[in-house]
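S.K.: In the working numbering, the protein residues as written are 1 to 341.
The following block contains the structure, expressed as structure tokens.
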């Protein structure tokens, strides 16, 4: 299939669907939305109307219509994690490529089922939306680490945290629908990013906090340790097994969105709230501000990578369902460790 406008269906018209819709608009004519699915007809019609797209009340209706008249090249699944297995199976059975929002599932058991579906229908591409793999500063850090700027990496540090009081009454903190809270939601990005930058991890310790009674965790602090360096990163020459990873996730605290890579000759620090600046600091404390492209492009680049992977079989930094399963296992281990405290 040659390059051309890639036609997407969005399944689930909630908040994250808006981020994908914005990314489609930012892509120019590379991407478009031809269908939107949501149980709430008004939500589906509103998002669909922005693109002159069709709207449906269920994924089953969408795939039935697409079988008769091919009008989608791929689907982006933005439903709650507990609702994804049947949708993914419908898509893969019909040969429609899938990009599923993270986390892959709300339980490790469901993540295993989804990874099995991806293997069963392996001729149809399936990916998980870990968009931080497409943050330009991440690639700049890896490139310069590979060039030796910070020496050998010893530690990776990350905080994705903010105050989201509205989550207390939404499905995000419902154990049955979400499966986990701040760590599964924001921390799953962290774990995958650590895997992408430093290699697959072992979880050594976890402390969870619960501010909202009867709901999922509102804060998590987790210690990771890498195994072999990831084949996907550019810093392999300076990444040895045993890099420590510190993850902080929060839904009820002050805003912090940061990633740091620490080496024995210096360190990098990226603050998402200062999106055009990457800070390098040497061992003497001398600081250098490196201009980088903003992280705002991450959703658009992820969707374009999805289109390229499907249309051109291009090599991609997209996370596979197997990557999603690995992240799900890491959450499962952290949850068990936290319960022992």
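We put the CB at the ideal spot given by N, CA and C, even for glycine.
Return the first residue and the last residue of the beta strand (DSSP E) that residue 157 is part of.
M.R.: Translated into the one-based positions of the chain shown, residue 157 becomes position 157. Residue 157 -> beta strand (DSSP E) spans 153 to 163.
S.K.: Using 7 Å as the threshold, is the C-beta distance between residue 79 and residue 22 below it?
M.R.: Translated into positions along the chain shown, residue 79 becomes position 79. Translated into positions along the chain shown, residue 22 becomes position 22. Going by C-beta atoms, residue 79 is not nearer than 7 Å to residue 22.
S.K.: Using 10 angstroms around the beta-carbon of residue 109, count the other beta-carbons present and answer buried if the total reaches 16, otherwise exposed.
M.R.: Here residue 109 refers to the residue found at position 109 when the chain shown is read from its first residue. Residue 109 comes out exposed.
S.K.: When you compare the CB positions of residue 292 and residue 140, do they come within less than 7 Å of one another, or not?
M.R.: Position 292 of the chain shown, counted from the first residue, corresponds to residue 292. Position 140 of the chain shown, counted from the first residue, corresponds to residue 140. Yes, these two residues count as a Cβ contact at 7 Å.
S.K.: Less than 7 Å between the C-beta atoms of residue 181 and residue 173, yes or no?
M.R.: Numbered from its first residue, the chain shown carries residue 181 at position 181. Numbered from its first residue, the chain shown carries residue 173 at position 173. Cβ atoms of residue 181 and residue 173: closer than 7 Å.
S.K.: Run the CB neighbour count on residue 312, radius 10 Å, all protein chains shown included, and call it buried at 16 or more, exposed below.
M.R.: If you number the chain shown from 1, residue 312 lands on position 312. The residue in question, residue 312, is exposed, as its Cβ has fewer than 16 Cβ neighbours within 10 Å.
S.K.: Closest to residue 155 by C-alpha separation, out of 59, 263, 57 and 148, would be which residue?
M.R.: The sequence position of residue 155 within the chain shown is 155, counting from 1. Answer by Cα proximity: 263.
S.K.: For residue 32 and residue 76, what's the separation of their Cα atoms in angstroms?
M.R.: Translated into positions along the chain shown, residue 32 becomes position 32. Translated into positions along the chain shown, residue 76 becomes position 76. The straight-line gap from Cα to Cα measures roughly 12 Å.
S.K.: Which residue spans inside the segment 74 to 134 form an unbroken alpha helix (DSSP H) run of at least 4?
M.R.: 85 to 93 and 108 to 120
S.K.: When you compare the segment 243 to 254 with the segment 213 to 229, are there three or more beta-carbon pairs, one atom per stretch, that lie closer than 8 Å?
M.R.: Judged by Cβ distances under 8 Å, the segment 243 to 254 makes contact with the segment 213 to 229, as three or more pairs qualify.
S.K.: When the Cα atoms are used, what is the spatial distance from residue 56 to residue 36?
M.R.: Working through the chain shown from its first residue, we reach residue 56 at position 56. Working through the chain shown from its first residue, we reach residue 36 at position 36. Taking the straight line from one Cα to the other gives about 6 Å.
S.K.: If I measure Cβ to Cβ from residue 126 and keep anything under 6 Å in the same chain, skipping five residues before and after, which residues do I get?
M.R.: The sequence position of residue 126 within the chain shown is 126, counting from 1. Excluding positions up to five away in sequence, the list reads 98, 118 and 321.
S.K.: Taking residue 281 as part of the alpha helix (DSSP H), name the residues at either end of that continuous run.
M.R.: As a working note, residue 281 is residue 281 in the chain shown. Looking at the DSSP string, residue 281 is not in any alpha helix (DSSP H); the run it does join, the beta strand (DSSP E), is 277 to 282.
S.K.: Could you give the DSSP three-state label for residue 234: helix, strand or coil?
M.R.: In the chain shown, residue 234 corresponds to position 234, counting from 1. Note that residue 234 scores 49 on pLDDT, short of 50, meaning its location in the model is unreliable and no value can be drawn from it.
S.K.: Give the range of the alpha helix (DSSP H) segment to which residue 299 is assigned.
M.R.: Along the chain shown, one-based indexing puts residue 299 at 299. In the DSSP annotation of this structure, the continuous segment of the alpha helix (DSSP H) that includes residue 299 starts and ends at 298 to 312.
S.K.: Could you give the uninterrupted runs of the beta strand (DSSP E) lying entirely in the segment 184 to 271, keeping only those of 3 residues or more?
M.R.: 201 to 209, 219 to 226, 244 to 250, 252 to 263 and 266 to 271
S.K.: When the Cα of residue 245 is compared with those of 290, 279 and 196, which residue comes out closest?
M.R.: What you label residue 245 is simply residue 245 of the chain shown in a count that begins at 1. It is 196 whose Cα lies nearest to the Cα of residue 245.
S.K.: For the alpha helix (DSSP H) that residue 331 lies in, which residues bound it at each end?
M.R.: As a working note, residue 331 is residue 331 in the chain shown. In the DSSP assignment, residue 331 falls within the unbroken alpha helix (DSSP H) covering 321 to 340.
S.K.: Measuring alpha carbon to alpha carbon, tell me which residue in 72, 319, 95 and 276 is nearest residue 130.
M.R.: The residue given as residue 130 occupies position 130 in the chain shown. Comparing Cα positions, the closest option is 319.
S.K.: Return the residue from the list 194, 276 and 331 that minimises the CA-CA distance to residue 226.
M.R.: Locating residue 226 in the chain shown gives position 226, counting from the first residue. Measuring from the Cα of residue 226, the nearest candidate turns out to be 194.
S.K.: Does the beta-carbon distance from residue 247 to residue 158 come in below 7 Å?
M.R.: Residue numbering aside, residue 247 sits at position 247 when the chain shown is read from its first letter. Residue numbering aside, residue 158 sits at position 158 when the chain shown is read from its first letter. Yes, Cβ-Cβ distance for residue 247 and residue 158 is below 7 Å.
S.K.: Count the other CB atoms, across all protein chains shown, that sit within 10 Å of the CB of residue 323; report buried if there are 16 or more and exposed otherwise.
M.R.: Here the question's residue 323 lines up with position 323 in the chain shown. A buried status is given to residue 323, since no fewer than 16 other beta-carbon atoms sit within 10 Å of its beta-carbon.
S.K.: For residue 17, which of 120, 83 and 299 has the nearest alpha-carbon?
M.R.: The residue given as residue 17 occupies position 17 in the chain shown. Selected option, being the one with the closest Cα: 299.
S.K.: How about residue 74 and residue 8: do their beta carbons lie closer than 7 Å?
M.R.: Counting from one through the chain shown, the residue named residue 74 turns up at place 74. Counting from one through the chain shown, the residue named residue 8 turns up at place 8. The answer is yes: Cβ separation under 7 Å.
S.K.: Distance, Cα to Cα, residue 334 vs residue 201?
M.R.: As a position in the chain shown, residue 334 is number 334, starting the count at 1. As a position in the chain shown, residue 201 is number 201, starting the count at 1. Rounded to whole angstroms, residue 334 to residue 201 spans 12 Å at the Cα level.
S.K.: Taking the continuous alpha helix (DSSP H) assigned at residue 138, which residues delimit it?
M.R.: For the purposes of this step, residue 138 is taken as residue 138 along the chain shown, with counting starting at 1. 136 to 146 is the extent of the alpha helix (DSSP H) around residue 138.
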